[in-house]
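Presented below is the structure to which this report refers.
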């Protein structure tokens, strides 16, 4: 028996629950391609936010090879939907939405306050020393992210770069 | 307000344990009366479900905040339901330091 899947941490829910093709002979009438929530998140972190797979895997709390498998599967499914003119629906997957965290700049703690907006930091009691926790922003702010993506030639230091 | 702190020993100078479900002790601190007591974590040796067991224990102590390092994925929805605030800290801090932070507010 294989090991059970690890739960993937997803930053936020997808904005829409699916896509439909238009024009042509098919109008999404055939069976939709099911894109899992974790695949959506992998695509978002890698292609939209431009993180490396290592960093993205850290955010989703899975291993780097597992992240790559999720990402490949996402691209395969989207390509299939494009080519075959099928609709896509984003649903399912073994995920947990890990949102609602705040970071305090004064005492350095990370806290969570359910559904309501916090008014003070629960540890140090400061009024306006916290901000919403954003793992992608946190990585981008830290050193070593700048100029990660060059002109697309694959080389880290591109000679043709303007 | 009662705060629970996961810690690695049962003294004021023991460090905050970064594991929530499997820490050996919980420090229960009442910021109104200033009392601090240590309770053993009932689920620290459990094979599975140590986190949810610890959540139950914390809730039975009447705590409204919990200070620890990391919370597992089974724990977060439970705390959300019970309206207990999770606080996650990084680095080595002792129970005394956390108490002083809590007292100051």
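Chains as they are written, first to last, in this note's numbering: chain A, 227 to 388; chain B, 163 to 267.
Backbone N, C-alpha and C define an ideal beta-carbon position, used for all residues, glycine too.
Note that the structure is predicted; figures quoted are calculated from it, not measured.
Taking 8 Å as the threshold, the shortest C-beta distance from residue 348(A) to chain B falls below it. Within the region 198-230 of chain B, contact with chain A at the beta-carbon level (separation under 8 Å) is assigned to 227, 229.
The contact set of residue 263(B) on chain A, defined by CB atoms closer than 7 Å, consists of 333, 349, 350 in chain order.
Here residue 265(A) is near residue 300(A), since their CB atoms are less than 8 Å apart. Counting other Cβ atoms within 10 Å of its Cβ, residue 181(B) reaches 16 or more and is therefore classed as buried.
Using a Cβ-Cβ distance cut-off of 8 Å, the region 164-183 of chain B and the region 222-238 of chain B are in contact, since at least three pairs of beta carbons, one from each stretch, lie closer than that value. The region 333-340 of chain A makes no contact with the region 289-304 of chain A, as fewer than three CB pairs between them are under 8 Å. Here residue 261(B) is not near residue 187(B), since their CB atoms are 8 Å or more apart. Burial check for residue 248(A): the Cβ neighbour count within 10 Å stays below 16, so the residue is exposed. Relative to residue 243(A), the option among 352(A), 263(A), 293(A) whose CA is nearest is 263(A). For the pair residue 344(A) and residue 237(A), the CB atoms are not nearer than the 8 Å cut-off.
Within its own chain, the residues whose Cβ lies closer than 6 Å to the Cβ of residue 281(A), once the five positions on either side in sequence are excluded, are 365, listed in chain order.
In this structure residue 309(A) is exposed. Its beta-carbon is surrounded by fewer than 16 other beta-carbon atoms within 10 angstroms. By DSSP's assignment, residue 328(A) forms a beta bridge with 337(A), 358(A).
A Cβ-Cβ contact shorter than 8 Å links residue 272(A) with residue 279(A). Residues 231, 232, 233, 234, 264 of the same chain have their beta carbon placed closer than 8 Å to that of residue 320(A), with the five preceding and five following residues left out of the count. Neighbours of residue 252(B) in chain A, taken as residues at a C-beta separation under 7 Å, are given in chain order as 334.
Annotated three-state conformation of residue 350(A) is coil, per DSSP.
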